[in-house]
Ligand code: ATP
């Protein structure tokens with residue numbers, strides 16, 4: 004179990020906080036808006052009203068003792084940058100910060116965020132991928148140009164092995180797992196055979212994954 008603090012309880016911050024609690028972690032939720040704090044009070048370990056730019060207030064909350072601090076302030080870019088700077092100066096071990104655009108992300112990195120996330124951009128990319136490939140369940144960008152996707156196996160695949168399907172040979176794509184009901188087959192071999200209802204977890208270059216997604220749509 005780790006101790007997390009989430010600063011800024013908009014949709015993203017609130018969702019991160021409640022998911023961390025669900026996963027069994029302790030979460031301190033901080034926001035300057037009293038109503039937001041009240042809404043979160045019974046969903047997290049502690050919810051506190053404080054200004055993210057008030058160094059003394061953050062110090063008094065013992066913010067440097069948390070394993071990870073997530074800064075989830077989007078609209079007020081200045082407040083988000085200033086908050087990261089304060090956290091860095093206070094010696095917080097690991098800072099995750101939400102950025103609303105590339106420039107915001109760059110500045111957050113410069114002032115010491117250990118990890119910058121772009122939830123809106125990433126969600127936009129996921130939705131776009133979902134719209135063009137009906138059988139795509141999920142999409143995660145690993146690095147620019149490289150992703151992991153989850154696709155539902157088409158009936159044409161049933162009864163065929165990964166070798167027969169030849170994704171690696173055709174597209175340079177590796178199937179890292181097969182989800183079969185509640186079971187997950189990690190690192191399937193060339194002889195593993197696709198069954199009805201299987202979900203393939205594939206890793207590869209975006210261009211090639213798109214080709215594969217479309218080959219599945221045909
Ligand atoms: P989302 O899209 O995740 O809903 P957002 O990117 O629109 O959020 P904002 O609405 O700007 O983000 O801020 C998220 C939360 O951060 C709000 O609840 C807001 O009250 C809080 N917040 C903004 N500035 C500060 C600050 N200086 N100190 C503490 N909390 C703040």
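Numbering (this note's numbering), first residue to last: 4 to 221. For every residue, glycine included, the Cβ atom is placed at its ideal position computed from N, Cα and C.
- Query: residue 76: beta carbon under 6 Å from a heavy atom of the ligand ATP?
  - Reply: On the chain shown, position 73 is the one that residue 76 refers to. True, at least one ligand heavy atom lies under 6 Å from that Cβ.
- Selected residue, minimal CA-CA separation from residue 215, among 8, 198, 156: On the chain shown, residue 215 is found 212 positions in, with the first residue counted as 1. That would be 156, whose Cα lies nearest to the Cα of residue 215.
- Message: At a cut-off of 6 Å, would you count residue 50 as near the ligand ATP, judging by its Cβ distance to the nearest heavy atom?
- Response: What you label residue 50 is simply residue 47 of the chain shown in a count that begins at 1. Relative to the ligand ATP, even the nearest heavy atom lies 6 Å or more away from the CB of residue 50.
- Keeping to the same chain, check which residues put their C-beta closer than 7 Å to that of residue 208; ignore five residues upstream and five downstream. Within the chain shown, numbered from 1, the residue matching residue 208 stands at position 205. Answer for residue 208: 148, 149, 175, listed in chain order.
- Taking the alpha-carbon positions, what's the residue 103 to residue 40 distance? Within the chain shown, numbered from 1, the residue matching residue 103 stands at position 100. Within the chain shown, numbered from 1, the residue matching residue 40 stands at position 37. Answer to the nearest angstrom: the Cα atoms are 22 Å apart.
- Cβ of residue 118 versus every heavy atom of the ligand ATP: is any distance shorter than 6 Å? In the chain shown, residue 118 corresponds to position 115, counting from 1. No, the ligand ATP has no heavy atom inside 6 Å of this Cβ.
- Query: In this structure, does DSSP put residue 184 in helix, strand or coil?
  - Reply: Numbered from its first residue, the chain shown carries residue 184 at position 181. For residue 184, the three-state secondary structure derived from DSSP is coil.
- Beta-carbon contacts of residue 110 that lie in its chain and below 6 Å, excluding the five residues immediately before and after: Residue mapping note: residue 110 aligns to position 107 of the chain shown, counting from 1. Here the set comprises 84.
- Relative to the alpha-carbon of residue 138, which residue among 167, 64, 213 has its alpha-carbon at the smallest distance? For the purposes of this step, residue 138 is taken as residue 135 along the chain shown, with counting starting at 1. Of the candidates 167, 64, 213, the one whose C-alpha sits nearest the C-alpha of residue 138 is 213.
- Task: Confirm the yes/no value for this check: CB of residue 166, any heavy atom of the ligand ZN, distance under 6 Å.
- Result: The ligand ZN is not part of the structure shown, which contains the ligand ATP as its ligands.
- Which parts of the region 67-124 are runs of the beta strand (DSSP E), unbroken and 3 residues or longer, counting only runs that do not cross its ends? Here the runs fully enclosed are 71-74, 98-101, 118-120.
- Item | Buried versus exposed, by CB contacts within 10 Å (16 or more), residue 161 | For the purposes of this step, residue 161 is identified with residue 158 of the chain shown, where counting begins at 1. Classification of residue 161: exposed, given that the 10 Å Cβ count is below 16.
- Which class does residue 47 belong to by DSSP, given the choice of helix, strand or coil? In the chain shown, counting from the first residue as 1, residue 47 sits at position 44. Note: residue 47 maps to coil in three-state DSSP.
- Message: One question on the structure: do residue 73 and residue 152 come within less than 7 Å of each other, judged by their Cβ atoms?
- Response: For the purposes of this step, residue 73 is taken as residue 70 along the chain shown, with counting starting at 1. For the purposes of this step, residue 152 is taken as residue 149 along the chain shown, with counting starting at 1. No. Outside cutoff.
- Query: Do residue 23 and residue 8 have their CB atoms nearer than 7 Å?
  - Reply: Along the chain shown, read from residue 1 onward, the residue named residue 23 stands at position 20. Along the chain shown, read from residue 1 onward, the residue named residue 8 stands at position 5. Taking C-beta atoms as the reference points, residue 23 and residue 8 fail to come closer than 7 Å.
- Task: Would you mind reading off the limits of the alpha helix (DSSP H) that contains residue 34?
- Result: If you number the chain shown from 1, residue 34 lands on position 31. No alpha helix (DSSP H) contains residue 34, which is instead part of the beta strand (DSSP E) from 29-34.
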